[in-house]
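Undergrad: Residue numbers (our numbering), protein chains in the order written: chain A, 1 to 634; chain B, 635 to 1010. From the three backbone atoms N, C-alpha and C, an ideal C-beta is built for every residue, glycine too.
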């Protein structure tokens, strides 16, 4: 089937697409500094390929076109929904992640995560009409119903920009904690919903709590923040038709991070499912109600629940599993029965639910991050992020009808292969998780894990980012892994995946990919790299206090050794911990080896009582504030 | 403190100086109908420190939590169990753009948004001290008045900075109140007078009492009446700031100072916890009642409960110093007033024994004024 679909797709590449692709490559227009550029230059034996990496798709209001945002290509592709041919392409900002279509279909809004902008695209002419500044790290976005206001989730700024589209000005920012991700307008236009990828900062002894934000579009203020316990990585949002109850479906992950991860072999450590959000109604419940239900089977898991969509009649819902290359088809009538038959308290931990309402599991290509149902309800399109393709499903038969090749390179490079492995949960026992499951966006999941020690609560460590770590060996908080090959090879196989792990070729490719993961731009550092007065003062303190002894600038602010700075907790085996690099430190809370410091301040105000982590007890609060401003500039 | 040292002729001079140029013998509308919210009808504590209005919603900060009043009922009481950082809520600022509430407490700052709290303490953030008396929003800046100085939080970047006696011309770091003006932000500093911050120029300017600690006015435009400033408000209509001190009240329009003492005005007491102002109206929250000044006419009205009768007492002092009084069946919950605010034509008053709602009765105004003039 795949071969046939590939042939179809090659034929489907239009001349303009081929010419455009060729000319862009010939002219060297791929933007410098992207992960692509770094990928081709970093990996040994890597093929210099310019993948598209489609992340999200939206139909035009009439369903005739499909717009696909491609994060590694800095572009949006237009696909004819009927012929499945690519009609055109428009370059936007750096690392576009989210896409919204205006209600009249005339404009596209593209969130450029690394440019901190939204590109306003003329949908007919396929040209950028305007570029609007946003907060830090824009990803998801939507217009309001009249198309006058744009809501943009700023993943790094932890807020939502509210933009007036008539003037192009930002009206306000609404707080969203933490790492706001996807934004969806309610069907009646009265509300905007926002998911957050990372959980609230809590004690490492507590389960994560994640926030779901509801914005009143009339007042343009936050009407409700729903705190969903025990979950993280809230992804897309789909709203059932009113006739089907009008509830929201939000894919998520339920980690049992307080349990020793050694128990992966027993199953049930990382489960994947969705939140069912019943919205508060006027005159009804004061606050919205949430039920969690799992999409895993008892003997196999479907990691990376991500995209979500309802069929127009609401009889079916589709959820993609980005790390399992799978789509689950949900019969919503059966789902309703399940919700009614088991208590809300029990459901989040029942692995026997999905068999009651998931009527089909469909294989996709690598890393399906989004699913969209056409307005006529006859097809669903799955975005295969690491395959540069779309999988077309027929409805209501729910069969894979075709694969649309979006025109990326045909060969799978070392880095792309490593990236696909990074997102492939099949290497884990029962498919419970992939590397990406706990490192969303190659970063952190924001919680502490009991990784290797079998005793409950012992040697708990915070998740660490994979961004920019190529030159920061050794790895692990205890510094026991000298290189990534050790970290990602036998260690992962033994302690995490509880499986045979990766073979030599796979391991080499995976490590190449991880080494290629770039650092994002620093939002706290001015474009001309000049420090602010506070940062300058903080820099002086940094060196006066000899912080550079353990955090030398030349090596990403890590001496690459372990040190005891007095942060060992009661149940830590050793007080020696790997000195972390400080690059983009502001993106990485919580801090310290077990994540008990919820802010940079707490490292010194609470967790440095004997001055072992630098002599800081003599510092004024002003000096500490300055030091932190400097650290944020790194 | 130094009342015995006052020279009477100086006091008279104060009175002359503080008469507004266009003083007319008009009596302002009076508040004769009050409803009170106390521990008897839902308030979690008697002492109410602050009150803020968000449309039809009234938020009050008490010594034991945050209170929401709607439709004349206490509908919500929020405390530390709900996530509030500390039970003592001393200040409330409503971000008009986002609708979020910022709360000053004796344990840090809380942001209340969408039904949940996010807390900012000196251990977790760049907050100078957890004893916080006031918060204010100026565009995307949160200003915080603490016992260890003034904090500035850039809500876009998350950058905290501290202004204290080490970095600004202030004698003391202990800050009590904040008022956002036009292009300027004003701070009430205990023992440090009024501190003015110029937003565009990014510089600070102090206003202190030129005669030291004396609560006297020696000559016109001598300056702030006293350096122990308990709070401050800004009048966007007249472009004046009004500072409350424990030794009188001062107004400043950028050129002239207007100073008031109880001995030669209708001010109920020189011990003033806060001022609020709009249009021609200046309100002084004192330890002996709520005083009102019509700045244009130099007419004073003081509201206070009569301790003997339990009824209300309204004392009107005309520009000619003629005093008339009247009694009302309802009155303020207590004569110790901590703060107040406006809701349309109504006023809400934070007292030591509850929150009081003064209801504007437009249909009775004519009669009320007539009655007041007749002293009935």
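What do you get for residue 561 (chain A), buried or exposed, if any count of 16 or more other CB atoms within 10 angstroms of its CB means buried?
TA: Counting Cβ neighbours within 10 Å, residue 561 (chain A) comes out exposed, since fewer than 16 surround it.
Undergrad: Measure from the C-beta of residue 618 (chain A) to each C-beta in chain B and report whether the shortest distance is under 8 Å.
TA: Residue 618 (chain A) does not count as touching chain B.
Undergrad: Flag residue 786 (chain B) as yes if its beta-carbon sits less than 8 Å from any beta-carbon of chain A, otherwise no.
TA: Output row for residue 786 (chain B): interface = no.
Undergrad: Consider the Cβ of residue 351 (chain A): report whether some Cβ of chain B lies at a distance smaller than 8 Å.
TA: Chain B, which has no Cβ nearer than 8 Å to the Cβ of residue 351 (chain A), makes this no.
Undergrad: Count Cβ pairs between the stretch 738-748 of chain B and the stretch 761-777 of chain B that sit closer than 8 Å; are there 3 or more?
TA: The stretch 738-748 of chain B, when compared against the stretch 761-777 of chain B, does touch it at the 8 Å Cβ threshold.
Undergrad: Taking only runs that begin and end inside the stretch 921-998 of chain B, name each unbroken alpha helix (DSSP H) of 4 or more residues, in chain order.
TA: If we require 4 residues or more, the stretch 921-998 of chain B turns out to have no alpha helix (DSSP H) run fully inside it.
Undergrad: Can at least three beta-carbon pairs, one atom from the stretch 187-207 of chain A and one from the stretch 133-151 of chain A, be found at a separation below 8 Å?
TA: With the cut-off at 8 Å, the stretch 187-207 of chain A and the stretch 133-151 of chain A touch.
Undergrad: How is residue 666 (chain B) classed by DSSP in three states: helix, strand or coil?
TA: Of the three classes helix, strand and coil, the one that applies to residue 666 (chain B) here is coil, per DSSP.
Undergrad: Helix, strand or coil for residue 684 (chain B) per DSSP?
TA: DSSP places residue 684 (chain B) in strand when its eight states are reduced to three.
Undergrad: From this set, B:881, B:887, B:915 and B:898, which residue's C-alpha is nearest residue 906 (chain B)'s C-alpha?
TA: Nearest of B:881, B:887, B:915 and B:898 to residue 906 (chain B), Cα basis: B:881.
Undergrad: Specify the secondary structure class of residue 699 (chain B) as computed by DSSP and reduced to three states.
TA: Here residue 699 (chain B) sits in strand by DSSP.
Undergrad: So for residue 214 (chain A), helix, strand or coil by DSSP?
TA: Note: residue 214 (chain A) maps to strand in three-state DSSP.
Undergrad: Leaving aside the five residues before and after residue 787 (chain B) along the sequence, list all residues of the same chain whose C-beta is less than 6 Å from its C-beta, in chain order.
TA: Hits under 6 Å: 776 and 794.
Undergrad: I'd like the ranges of any beta strand (DSSP E) spanning at least 3 consecutive residues and lying wholly in the stretch 62-130 of chain A.
TA: Correct list: 65-70, 75-80, 86-91, 96-101, 107-112 and 117-122.
Undergrad: My understanding is that residue 731 (chain B) touches residue 172 (chain A), with C-beta atoms under 8 Å, so please give their C-beta distance in whole angstroms.
TA: Sure, about 4 Å apart at Cβ, within 8 Å.
Undergrad: Please list the segments of the beta strand (DSSP E) lying wholly inside the stretch 235-313 of chain A, counting only runs of 3 or more residues, in order along the chain.
TA: Entirely contained in the stretch 235-313 of chain A, the beta strand (DSSP E) runs reaching 3 residues are, in chain order, 248-255, 270-278, 289-294 and 305-310.
Undergrad: List, in order along the chain, the chain B residues whose C-beta lies closer than 8 Å to that of residue 236 (chain A)?
TA: Per Cβ cutoff of 8 Å: no residues; residue 236 (chain A) is ~21 Å from chain B at best.
Undergrad: Could you pull out every residue in the same chain whose Cβ sits closer than 7 Å to the Cβ of residue 114 (chain A), ignoring the five residues on either side in sequence?
TA: Same-chain partners within the cutoff: 94, 95, 520 and 521.
Undergrad: Three-state secondary structure (DSSP) at residue 625 (chain A)?
TA: Three-state DSSP puts residue 625 (chain A) in a helix.
Undergrad: What I want to know is whether the C-beta of residue 360 (chain A) ends up closer than 7 Å to one or more non-hydrogen atoms of the ligand SAH.
TA: Inclusion of the ligand SAH in the displayed structure is not the case, the ligand content being empty and no account of it being possible.
Undergrad: What in chain A is Cβ-close to residue 727 (chain B), meaning under 7 Å?
TA: Those within 7 Å of residue 727 (chain B) in chain A number zero; the least Cβ separation is about 15 Å.
Undergrad: Report yes if the CB atom of residue 861 (chain B) is closer than 8 Å to the CB atom of residue 843 (chain B), and no otherwise.
TA: Going by C-beta atoms, residue 861 (chain B) is nearer than 8 Å to residue 843 (chain B).
Undergrad: With distances taken between CB atoms, is the gap from residue 120 (chain A) to residue 129 (chain A) smaller than 8 Å?
TA: For residue 120 (chain A) and residue 129 (chain A), yes; Cβs fall inside 8 Å.
Undergrad: Can you grab the Cα-Cα spacing for the pair residue 289 (chain A) / residue 226 (chain A), in whole Å?
TA: Those two C-alpha atoms are separated by around 8 Å.
Undergrad: From B:984, B:989 and B:922, pick the residue whose C-alpha is nearest to that of residue 969 (chain B); which is it?
TA: Considering only alpha carbons, the answer is B:922.
Undergrad: Give me whichever residues DSSP pairs with residue 845 (chain B) in a beta bridge.
TA: Residue 845 (chain B) is not bridged to any residue.
Undergrad: Give the C-beta separation of residue 294 (chain A) and residue 350 (chain A) to the nearest angstrom, bearing in mind that I take them to be a contact with Cβ-Cβ under 8 Å.
TA: Confirmed, about 7 Å.
Undergrad: Using only alpha-carbon positions, find the residue among A:208, A:388, A:262 and A:188 that is nearest to residue 455 (chain A).
TA: Out of A:208, A:388, A:262 and A:188, A:262 has the C-alpha closest to the C-alpha of residue 455 (chain A).
Undergrad: Return the residue from the list A:211, A:63, A:398 and A:55 that minimises the CA-CA distance to residue 72 (chain A).
TA: Closest option to residue 72 (chain A), Cα to Cα, is A:55.
Undergrad: Within a Cβ cutoff of 7 Å, which residues of the same chain sit near residue 728 (chain B), ignoring the five residues on either side of it in sequence?
TA: If we look at residue 728 (chain B) and ignore the five residues flanking it on each side, its Cβ neighbours are 686, 688 and 735.
Undergrad: Compare the C-alpha of residue 211 (chain A) against each of A:200, A:220 and A:219 and name the closest.
TA: Among A:200, A:220 and A:219, the Cα nearest to that of residue 211 (chain A) is on A:200.
Undergrad: List the residues of chain B that residue 222 (chain A) touches, going by C-beta distances under 8 Å, in chain order.
TA: What residue 222 (chain A) touches in chain B: 732, 733, 734, 747 and 748.
Undergrad: For a contact meaning CB atoms closer than 7 Å, what does residue 596 (chain A) contact in chain B?
TA: Going along chain B, no residue has its Cβ under 7 Å from residue 596 (chain A), so there is no contact; the nearest lies around 12 Å.
Undergrad: Evaluate residue 556 (chain A) with the Cβ neighbour count: other Cβ atoms within 10 Å of its Cβ, from every protein chain shown; 16 or more gives buried, anything less gives exposed.
TA: Buried.
Undergrad: Can you tell me whether residue 372 (chain A) is buried or exposed? The criterion is at least 16 other CB atoms within 10 Å of its CB, across all chains shown.
TA: When all chains shown are included, residue 372 (chain A) counts as buried.
Undergrad: DSSP puts residue 53 (chain A) in a beta bridge; with which residues?
TA: In DSSP, residue 53 (chain A) forms no bridge with anything.
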